[in-house]
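Okay, structure first, notes after.
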Amino acid sequence: HKSTSCSSPSIVKKNFPVDTTRQGIFGHSMGGHGALICALKNPGMYKSVSAFAPICNPINCPWGKKAFSNYLGEDQKAWEEYDATCLVKKYKGPPLWFLIDQGKEDDFLKDQQLLPERFLDAVQGSGVSSTLQMQEGYDHSYFFIASFIEEHIRHHAAAL
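3 is the number of the first residue of the sequence shown in my numbering; add one for each residue after it.
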């Protein structure tokens, strides 16, 4: 989380002519999870957020439980600081609108690894808006991303 949200923007600013007051964040799968938590843990840093098939509630899925117990120990309360569904419930920053695309044929979705519906439920009353688009006939692949990336670029452009 720290390397993505803190180091990367300064590296980009140092090497490219950018306005870091207008930046967005995007990711796919575990990178989508990273995008969600970076935005939620750094209020005001990102003006737009989008993700493809993000892991939305890792404390409640097999992947997340395995990873978090190995990296963060057995204190499940500590895990909540790295779970977008938990973080969005206590978000206290400027308004954010998340765009999430999810393929309906994604085996990881079917195996209850991603849990986007839990994130969508948690958004209610949080000051955060989220659009979850369930895409018929798409899985977890890069073809899925390529098929809908233009909409994500437009989402970021509108916010920035």
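Beta carbons: idealized from backbone N, C-alpha and C, even for Gly.
Source: prediction; values computed, not measured.
Answer yes or no: do residue i and residue j have a C-beta to C-beta separation smaller than 8 Å?
i: G154; j: L101; result: The sequence shown places His at residue 154, not Gly. It is a contact, given that the beta carbons lie within the stated cut-off.
i: I61; j: W81; result: yes
i: H142; j: A55; result: yes
i: G26; j: K49; result: yes
For residue i, which residues of its own chain have a beta-carbon under 7 Å away from its beta-carbon, when the five flanking residues on both sides are left out?
i: V130; result: V90, Y93, L98, F100
i: A148; result: none
i: W65; result: I57, Q115
i: L42; result: A86, L89, V90, Y93
i: A124; result: T87, V90, K91
If residue i sits next to residue j, beta carbons under 8 Å apart, how far is it from one beta carbon to the other, in whole angstroms?
i: H157; j: S31; result: Going by Cβ atoms, the distance from H157 to S31 rounds to 18 Å, so no, they are not a contact pair.
i: K15; j: T22; result: 5 Å
For residue i, collect the residues of the same chain with a Cβ closer than 8 Å to its Cβ; drop the 5 residues on either side in sequence, then sort them by chain order.
i: I39; result: H3, Y84, D85, A86, L89
Out of curiosity, what's the CA-to-CA distance linking residue i and residue j?
i: F150; j: C63; result: 26 Å
i: F137; j: H35; result: The sequence as given places Gln at residue 137; Phe does not occur at that position. Their Cα atoms are separated by approximately 19 Å.
i: R120; j: S128; result: 13 Å
i: R24; j: D108; result: 32 Å
Apart from the five residues just before and just after residue i, which ones in its own chain have a Cβ nearer than 6 Å to its Cβ?
i: A69; result: none
* **Unbroken stretches of the alpha helix (DSSP H), 4 residues or longer, contained in the segment 104-143** => If you keep only unbroken alpha helix (DSSP H) runs of at least 4 residues inside the segment 104-143, you get 109-112, 118-125.
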